[in-house]
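Start counting at 1 in the sequence shown, then tack on 126, and there's your number in my numbering.
Glycine included, every Cβ here is placed at the ideal spot set by N, Cα and C.
Shown next, in structure tokens, is the structure this report addresses.
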Amino acid sequence: MLTSIRIQTLAALAALLLVPAGAVAQDDIEREGYFEVRSASTSLDEGVHLLDARLQLVLSSEALEALNAGVPLTIEVQVQMIRKRRFYMDALDAELAVRFELEYRPLSQRYIVRNLNSGDQDSFATLYSALNNLGRITGLPLIDDALLSPGKDYRVRVRAMLQTQQYPAPLRLVFFWRSQWQLQSEWLEWTLER
């Protein structure tokens, strides 16, 4: 059963999506959002591969309006470990998805960033500082080196995306057709050093 806060959040999001683009005040600038993986690398520490990455996360006007109306946004960082093979297609040996929830609380005028995998949470005074923090991944454990095939070459790739799977099906259908909700970076790929 949906809580009243969740119903209010969904109603606010639905209202924002139904407002035609021309109804926005002329002073407001329509901003195209984008996600980009600026840099990424791995290091081996005590037998565990760790990820360091820098992301550029810019929200679209529509996503920003939804966030300011109380709709939490989920940003997902996806990592894949791909084993190179000579005579077959490369094999996807491991995947990791780290999900972050970005929420605005108007009463305290704070932006909350919650790691949905670990439960850790931070609070920020500005959206810029919240997105900047989200865009800095340092020492994220990926995989134990013992789990990788010995003597094989691996590629690692990472991307960031705005995840909409947590919303009800009718809203996901609307998001599918609205480009401002299709925020996803290209894969950044490199060879894993062992």
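Within the same chain, Thr200, Glu202, Leu242, Asn243 and Gln289 come within 7 Å of Arg225 by CB-CB distance, once the 5 residues on both sides are set aside. Distance from the CA of Val205 to the CA of Glu221, rounded to the nearest whole angstrom, comes to 6 Å. For Arg164, the closest C-alpha among the options Thr317, Arg285, Leu318 and Glu319 is that of Arg285.
DSSP places Ser187 inside the alpha helix (DSSP H), whose first and last residues are Ser187 to Asn194.
Assignment of Asp271 by DSSP, reduced to helix, strand and coil, places it in the helix class. Put simply, the backbone Cα of Gln235 is about 7 Å away from that of Ala251.
In terms of Cβ geometry, Gly261 and Leu181 form a close pair [threshold 8 Å]. Contact between Met287 and Ser255 does not hold, since the beta-carbon distance rounds to 21 Å and is not under 8 Å. Annotated as proximal: Asp219 and Leu274, with beta-carbon spacing under 8 Å. Per the C-alpha coordinates, the member of Asp270, Gly245, Asn194 and Leu183 positioned closest to Leu233 is Asn194. In the same chain as Pro198, and ignoring 5 residues on each side of it, the C-beta atoms closer than 7 Å to its own belong to Glu227, Leu228 and Glu229, in chain order. Within a 10 Å sphere around the beta-carbon of Met215 sit fewer than 16 other beta-carbons, which makes this residue exposed. With contacts defined as CB atoms closer than 8 Å, Asp270 and Arg320 fail to qualify as a contacting pair.
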